[in-house]
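Right, one structure below, let's go through it.
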Ligand code: HEA
Ligand code: HEA
Ligand code: CUA
Ligand SMILES: [Cu+2]
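Chains as they are written, first to last, in our numbering: chain L, 1 to 100; chain Y, 101 to 404; chain U, 405 to 604; chain H, 605 to 1145.
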C-alpha cells in the first residue's frame, strides 16, 4: 500500500533556522513592496498587483513555514483541489454579478 | 391581434411537453427493464447467476453519450424558451406591481392605481416589480411567468393575455404569515374597455368611504385587516371603534378606548402602541395625508 | 480503542490540513462577498480603505509574519531535540498574538470613536457601499481575531505539553498541527491586509 | 454467542467485550460502531419528529382554509420540519450512522482515523440539535422562515431565528468533522491489499461525500453567522437600503445547500450499489464507472447552485450557465442507474426486504431525478419554481431516494450488528404500504405544482382541494407502513431469530468478521485478496 508506508517519508524533514529566517526576510520585503505598489496610481491594476504579491507571500508561508514543500504529493493535490473550489465559487458567482 | 406575437404560455408549454415526453420514455424503459429482469431472473427461476460479466465499455459509452445528447437538447430548448420570457416585445404596456406584506397594488404610467391588474387582451404588458419590504414573488400560472420581487432590485415580467378573463396572481416567494393570502388578479378586458377604464377621470369617489378605499388600495391595509370581523394578521376593523383595546405602550401594558385620537395614532405611528396578541409588524403608511387618515377613521367608525 | 491504533503522523497532518481547508472556505465566504461588493462599489471601498490606518495594518502584518516565523522555528527546535528553545519560541509567538490583539483593539476603538461600527447612524445614513465595506471589515477582522485568540490558546496548551516533556523530538505532530493552524491565521491576514488597508 | 433466540437480548462482539455497560459506555465511547449506533438512534428520533410535523402539514392542507392550526403555526411547522429533516436527519443520516458502523470494517480498519474526534462530532450533533430544539420554545418562538432562511425576511421576523441558525451552525461543524475523519480514514487505514480498485462502492460514495462536507459546509457556516450578525448587530450586508444585495445571500446559501443534496444522495447510492449485487449474486456492472461517477457528481454538483435562483433576478447569463451545468450533473446519475439495472441482468435475484427497498429506490430516485430535469431547464423551472412540484421533486429524491436507501441499509446491515433479525413478511408488507402511500402523496403534489399551487401555502384556492385531500390520504398510508416497519425492526433486532454467518452471501469484509463484530472489528488485521463483489470467493478475506 503506497500511501500506507508514507509515515516514514516526508514528515522527518527539518527546515533550518537560516532558511526560515530567509523566508521571513523575503516576506517582509514583499510586504514593503505591496505597500509601495499600492501607493502608485495603477487604477484597477492595483488590486491585481496586491493580490499577486499576497499569493506569492502565502506561497512562501505554505511551502516553508507549513512544510508543504516536504510533504507527500497527496497534500499538494488536495490543497490544489481546495483552492480551485474556492476559485470556482467566486468565479461562478461573477457570472451573475458581472452580467446583471 | 398581432399574429407574430408568441405568448409566454406558447413559449413554455412545448418545452414541458418535450422534457416530459423524454423523461417518460426513459422512466418507462428503466422500469420495464427492471421488472423484466426481476421476473425473468428471480432466484426460483434462476438459482444461479448465468453471467458474471462486470462491465462493458461499449454499453458505458452508449449510455453516457445518449443522455448527454438528450440533456443538451433539453438545455437548449429550455434556454430558448426562457429567452422568450425575458424578451419584452416592443411597445408593451408599462405597468408596475408594488408588493408589500401582504398585498399587491398596481400602478399605470398615467398615475392610476388599482388593486387588480387590468390589462388589454392581446397586447403585451410589461410589469415592473417593486417590493416595499421583503422578497415576494409575482406568479401567474396561467401565463407561466414568475419573477421574484426583490427590494432594491429592478425586476420585470411580461405577458400577453390572449383571451379575456380573470387570472390568479400568487405570491410565490415565502414572505411571512400572510404569504398564502397574498393573492391578486389579472383582469384581461377588451382593449377599448381597458382604455376607457384607464382614462376614466379619477372618479371622485364619494366622500370618506371613497377616500378610505383609495388608502386601502394604495397601502394594502386589507392585506392585514378585515372589514368583516374575520381574523387576519392584524386586528379586524369591524366593531373596533369605541371598543376597549389592550395595548403595550413603551413597554407598559394599558387599556385604551379606540377613539379618533387612538386610531389616528395607530395609523400614523403604528409602533407607538402595539395591540396585545399581535406582532409589531405594521408598516407606517408613508406620505399619508391627514385628510386620508381622517377618512379611514370615519370609515372604521362606520363598521359596527 | 484508539490507543491500539498505531500512531500515524501523516494521517494526523492530513486531518489537520483538511480542517484548514474548511477554515479557508469559511473565510472564503467573506472573500466572495468582498469581491462582489468591490466590483459594485469601487469608490466607496476605496474611500473606506482610506479611513483605515495603514501604519497599524502594516505593523500588524509584520507582527504576524514574525509570529509565524517563531512558530516555524519552534517546530525545527523540537525536531532537533531542544524543548527549552521550543517553549521560548512558542512564547514569542504567543507574545506576538498579544501584540496583534492590542493593536487591533486600538484600531477598532478608533473606528468606534469616529462613529463607525455596524449599524451606526453614520453608516446607516452614509452612501450604500460604505456600510457594506465597514461591515465586511468588522466581520472579517473580527472572525480573524477570534482565530488569533483560539490559535494563541492552542499554542499555549501545546507549549505546556512541551514543557512537561510529553511532546518530544520523535513525537511532535501535535505541535506541528498547532503551528499549521497558526500559519493559517497568518495566511488569512496576508490577504486581509492588502484587500482592506491598501486598496486605496 | 448465545443461540437461545428468544430470551437474551443482543449479546457478544462489541456489545460486551469491553465489559462496560450503561449509558456512559455509549456516550463516551470512541468505538466507531457504538458511535454509529448513537447516531442511528438520534437520527431516527429526529426523523420521527420530522415525520410527525410532516403529517401535521398534510393535515392542515387536507382542506382549504384553517384546518387545525393558524397560519403562523403552519409557517413554523414547515420550517421546523425542513430544518429537522435536512440538518438533523438526512445529512448525518447515512454517512454518520451507517458510514460509521460499516465503513471502517469494509476497508479492514480497526476504527476511524480519529476516534475521539468522531465522538466529538456526535456531541456537536447532539448540542446543535438541542440548540435547534431550544429555539422553538424560547425568544420569539419557533422560526418561521422556511429552512432556507432567506433574507431580508429572516433578518426582520420576530421569531427566534438567531438561535436556530446558531444550532445549524454547530451541526455544520459536526458534519465537517465527520468528513475530515472519513477522508483521512480512507486514505490511511485501508487494510493490506485493499487498494482503491477494491474499495466497496459504499466507501467510494462516502469518500466523495466527505469531500463535499469539507469544502462546502464552511460556506453555509459563515453565511449563517452573517444572518446572526444581521439580526443582532445590524451589519446590513444584505440590506438593499444600505447597499447590500439579498440575492448574494441566496448565492452563499445555495453554494452549500445544493452540494448538500449530494451529501444526502451519494451515500444512499452507495448503499444501493452494495445491496443490488449481493441480492443478484452477480458482480456489480461497471464498478469503475459507478465509483468515478460518485466523484463526478460531487465535483459537478458543486457548481450548479444557481438553479435555485432562476427567478431571483440573477443575470440571464448566470441562468444559462447554471442551467447547463445542472444538466451536466444529471449524466453521472444516469450512468449509475443504467449500471444498477444492468447488474440485474442474468443474475439470481432474491426479493428480500433490503432488495425491495433498493429496487424501489431506483424507481423513486429516477422519478425525482427526472423531475429535476424539468426544474433544471430554464423555461420550465420558471413555471414550477416554488410550487408543490418542487416539493414533490425533493421528497422523491430525499425520501424516496435517501430515505428508502436508509431503510434498505437498516434491513441489510443492522442484523449484522445485532446478531438477530426481523421478520421478513411484515417487512415486505411495510415496504408495500410505504411505496404505495409515497407515490399517492408525492405524485399528487407534483400534479398540484404543475397546476400552479405555490409551496409554503397555509391556505389555497378551492380548485386545489381534491388533490390535496388525496395527498393527505397518501400520507396516512405512508404512516401505517412506516410504523409497521419500525416496530418490526425493533422487535426483530432485540428478540428475533439469530442472524449468523453470511446468509446473504456478501463478499465485502463486514461479512467475514464475527456477528456482531468485536470491538476492534477483526481478530487479526485482514489481508485482502479479492474485490468486494467477487461472490465466488465470498467468505474469504
Ligand atoms: C437528495 C436530494 C436531491 C437530489 C439528489 C437532487 C437531484 C437533482 N435536483 Fe434537486 N432539489 C432538492 C434535493 C435534491 N435534488 C431539494 C431539497 C430542493 C429544494 C430546495 C428548496 O427550495 O427548499 C431541490 C430543488 C431543485 C431545483 C430548484 C427548483 C426550484 O426551486 O425552482 C432544481 C433545478 O434545477 C433541481 C434539480 C435537480 C437535478 C437536475 C438533480 C439531478 O441530480 C438528478 C439526476 C437524476 C436523474 C436524471 C434520474 C436518474 C437517471 C435516469 C432515470 C436516466 C435517464 C437520465 C437522463 C436522460 C439524463 N432540484
Ligand atoms: C428527508 C427529508 C424529508 C422527509 C423524509 C419528509 C417527509 C415528509 N414531508 Fe417534507 N419537507 C422536507 C423534507 C422532508 N420531508 C423539506 C426540506 C421541506 C421544505 C421545508 C420548507 O419549505 O422550508 C419539506 C416540506 C414539506 C411540505 C411542503 C410544505 C409547504 O411548502 O407548504 C409538505 C407538504 O405536504 C411535506 C410533507 C411531508 C410528509 C407528509 C412527509 C412524510 O415523510 C411523513 C410520512 C409519515 C410517515 C412515513 C410516518 C409517520 C409516523 C408517525 C406520525 C408516528 C410518529 C411516532 C412517533 C413520533 C413516536 N413536507
Ligand atoms: Cu408575498 Cu409571499
Ligand atoms: Cu439544487
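All residues carry an ideal CB built from backbone N, CA and C; glycine is no exception.
Since we're looking at a predicted model, the values are computed, not measured.
Strand pairing of residue i, partner residues [DSSP]
i: residue 438(U); result: According to DSSP, which records beta bridges pairwise, residue 438(U) is partnered with nothing at all.
i: residue 255(Y); result: 229(Y)
i: residue 346(Y); result: 355(Y)
i: residue 991(H); result: 1058(H)
i: residue 217(Y); result: 286(Y)
i: residue 504(U); result: Paired residues: none, contrary to the question.
i: residue 236(Y); result: 249(Y)
i: residue 1131(H); result: 796(H)
i: residue 193(Y); result: 225(Y)
i: residue 509(U); result: Its beta-bridge partners do not exist; DSSP assigns none.
i: residue 203(Y); result: 200(Y)
i: residue 373(Y); result: 349(Y)
i: residue 269(Y); result: 284(Y)
Check: residue i C-beta below 7 Å from any heavy atom of ligand 1
i: residue 985(H); result: yes
i: residue 970(H); result: yes
i: residue 484(U); result: no
i: residue 119(Y); result: no
i: residue 167(Y); result: yes
i: residue 977(H); result: yes
i: residue 852(H); result: no
i: residue 325(Y); result: no
i: residue 997(H); result: yes
i: residue 855(H); result: no
i: residue 360(Y); result: no
i: residue 974(H); result: yes
i: residue 751(H); result: yes
i: residue 472(U); result: no
i: residue 868(H); result: yes
i: residue 170(Y); result: yes
i: residue 990(H); result: yes
i: residue 934(H); result: yes
Query raised in the report: Taking a cut-off of 6 Å, which residues have a beta-carbon closer than that to any heavy atom of ligand 4, in chain order?
Result: 862(H), 865(H), 911(H), 912(H)
Query - Uninterrupted beta strand (DSSP E) stretches inside the stretch 809–849 of chain H (no shorter than 3 residues) - result: none
Requested in this report: Report yes or no: do the stretch 979–992 of chain H and the stretch 131–143 of chain Y share at least 3 C-beta pairs separated by less than 8 Å?
Outcome: no
**Report entry** Length at least 3, wholly inside the stretch 909–997 of chain H: the beta strand (DSSP E) runs in chain order
**Finding:** none
Query raised in the report: Per the contact definition of three or more C-beta pairs closer than 8 Å, is the stretch 783–794 of chain H in contact with the stretch 807–823 of chain H?
Result: yes
Query raised in the report: Between the stretch 273–281 of chain Y and the stretch 1059–1072 of chain H, do three or more beta carbon pairs fall short of 8 Å?
Result: yes
Requested in this report: Go through the residues and name those whose CB comes closer than 5 Å to any heavy atom of ligand 3, in chain order.
Outcome: 236(Y), 271(Y), 275(Y), 279(Y), 282(Y)
Query raised in the report: Are the stretch 383–396 of chain Y and the stretch 355–375 of chain Y touching, with three or more C-beta to C-beta distances below 8 Å?
Result: yes
Report task. Give a yes or no on contact between the stretch 947–954 of chain H and the stretch 282–290 of chain Y, applying the rule of three or more CB pairs nearer than 8 Å. Result -> no
**Report entry** Any alpha helix (DSSP H) of 4 or more consecutive residues that is wholly inside the stretch 723–784 of chain H
**Finding:** 757–760
Query raised in the report: Is the stretch 797–815 of chain H touching the stretch 739–754 of chain H in the sense that three or more CB pairs, one from each, lie closer than 8 Å?
Result: no
Report task. May I ask you to verify whether the stretch 846–866 of chain H touches the stretch 668–682 of chain H, counting CB pairs closer than 8 Å and requiring at least 3? Result -> no
Query raised in the report: Within the chosen definition, does the stretch 1073–1085 of chain H reach the stretch 1004–1021 of chain H through at least 3 CB pairs nearer than 8 Å?
Result: no
Requested in this report: Could you say if the stretch 229–242 of chain Y and the stretch 639–653 of chain H meet the contact criterion of at least three C-beta pairs nearer than 8 Å?
Outcome: no
Report task. Run through the stretch 1065–1137 of chain H for me and flag every whole alpha helix (DSSP H) of 4 or more residues, listed as ranges in chain order. Result -> 1069–1099
**Report entry** Cβ contact check for the stretch 912–922 of chain H and the stretch 968–977 of chain H: 3 or more pairs under 8 Å
**Finding:** no
Requested in this report: Count the C-beta pairs between the stretch 895–909 of chain H and the stretch 1039–1052 of chain H that are closer than 8 Å, then say yes if the count reaches three, no if not.
Outcome: no
Report task. Please list the segments of the alpha helix (DSSP H) lying wholly inside the stretch 39–76 of chain L, counting only runs of 4 or more residues, in order along the chain. Result -> 45–60
Query raised in the report: Do the stretch 222–236 of chain Y and the stretch 244–257 of chain Y meet, that is, are 3 or more Cβ pairs less than 8 Å apart?
Result: yes
Report task. Determine, using beta-carbon pairs with one atom in the stretch 525–540 of chain U and one in the stretch 410–426 of chain U, whether at least three such pairs fall under 8 Å. Result -> no
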